[in-house]
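Single-structure report; data block below.
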Amino acid sequence: MLHDATPCDPPAEDRLILLGTKGGPRPSLLRSNPANLILSEGSAYLVDCGYGTTRQLLLAGVQPHELDAIFITHHHSDHTLELGPLLYQAWVGGLRRPIDVFGPPPLATLINGFFASLWFEIATRMEDEGRSDPRQLVRIHEIDAASVVLETANIRVTAGQVHHPPLRHAFAYRLDTHHRSLILSGDTAMCPGLVALARRADVLVHEVMRVESLPKLVAGLPNALALYAHLLASHTTTEQVGAVAARAEVGTLVLNHFVPGDDPAITEEMWLAAPRRVFEGTVIAGRDLLAV
């Protein structure tokens, strides 16, 4: 069941649905891992494909084979772990036309490697059930620089470089439809490139990290110091995300990819307080299956 966000009623034909809102690869019962669905003009687009995406997609009322395109922001596993399985499910579910997949290198290596790992299963079904070769139904587009990556009569998708060390290639996506402009930040520290990409967009969906909760998140881990340093260098804090929205002059800020995303002690108001101090527009705390 979808939960509508009353502060920002979308046109029925143009919906953004947050399928998974937890940052990081660890699974949780509180939030699913990162994935976002955009429905516009009869087409369906997916941004990122973390663990649990297929189930969340079904809960949103969309079958895998109904997707028109998939956009991957970067190659951390919480954004890509279910990409191969989702493409497989699209194939066995009756995919009849090619699906386009966009993302930074080594996107082709990852997808082809998945199909290679499952080739016995695939070959068996092709011979026994008369199925087509799934590799012919996936069009892979590797992105290595900021650019317009997809443009049709109904949508324009622009990839913008963001700052997510140590990865060289990490992108945010701007989707301009006839109805609204939507920005999906992916994972990023605060950076001018994202502000420029998001300029005067209707909706900015941006990752967020609560610094005060990081010690509890990394406590007891053997790599605690290194992980803590990575988080501080690679993500945007609750204080910074409001500044990004304000500088970009967006209409609505939707918090997403919560770090930590599995701590029930952090209330919605705790996530919203800092962004609201510096951004005068609407701020929404995302949750799984929220439609904006």
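Numbering-wise (our numbering), the sequence shown opens with residue 6 and increments by one.
A virtual CB, placed ideally from N, CA and C, is assigned to each residue, including glycine.
Please read these numbers as outputs of a predicted model, since none were measured by experiment.
DSSP-derived helix/strand/coil call for residue i
i: G99; result: coil
i: H262; result: strand
i: M195; result: coil
i: Y56; result: coil
i: E254; result: coil
i: F125; result: helix
i: L7; result: Annotation note: pLDDT 44 at L7 (below 50); position unreliable, coordinate value reported separately. L7 falls in the coil class under three-state DSSP.
i: G291; result: coil
i: T157; result: coil
i: V213; result: strand
i: H168; result: strand
i: V297; result: coil
i: I148; result: coil
Residue nearest to residue i in terms of C-alpha spacing, selected from the options
i: A238; options: I127, H168, L199 and G266; result: H168
i: F284; options: G256, F176, D138 and L100; result: G256
i: H211; options: S186, V246, L226 and G198; result: V246
i: H70; options: G291, T26 and R102; result: R102
i: T272; options: L180, A290, E126 and I77; result: A290
i: R252; options: I104, I77, L199 and T58; result: L199
i: F120; options: D149, E147 and E87; result: E87
i: T182; options: L172, R173 and N159; result: N159
i: L63; options: V52, D83, L91 and A177; result: L91
i: V249; options: V223, R204 and W276; result: R204
Exposure of residue i, with buried meaning 16 or more beta-carbon neighbours within 10 Å
i: R36; result: buried
i: F65; result: Looking at the sequence shown, residue 65 is not Phe but Ala. Per the 10 Å Cβ criterion, buried.
i: R215; result: buried
i: S186; result: buried
i: Q141; result: exposed
i: L21; result: buried
i: P39; result: buried
i: V153; result: exposed
i: G135; result: exposed
Alpha-carbon spacing of residue i relative to residue j, whole angstroms
i: L299; j: V106; result: Residue coverage of the chain in this structure runs from 6 to 297, which leaves residue 299 outside it and unanswerable.
i: H8; j: E132; result: Because the pLDDT at H8 is just 44, under 50, the model does not fix this residue reliably, and the point stays unresolved.
i: L155; j: P227; result: 42 Å
i: H146; j: A175; result: 15 Å
Proximity test, residue i beta-carbon vs the ligand NAP heavy atom, cut-off 7 Å
i: V167; result: The ligand NAP is not part of this structure, which contains no ligands at all.
* **Start-end ranges of the alpha helix (DSSP H) lying completely within the stretch 19 to 80, minimum 4 residues** => 58 to 64
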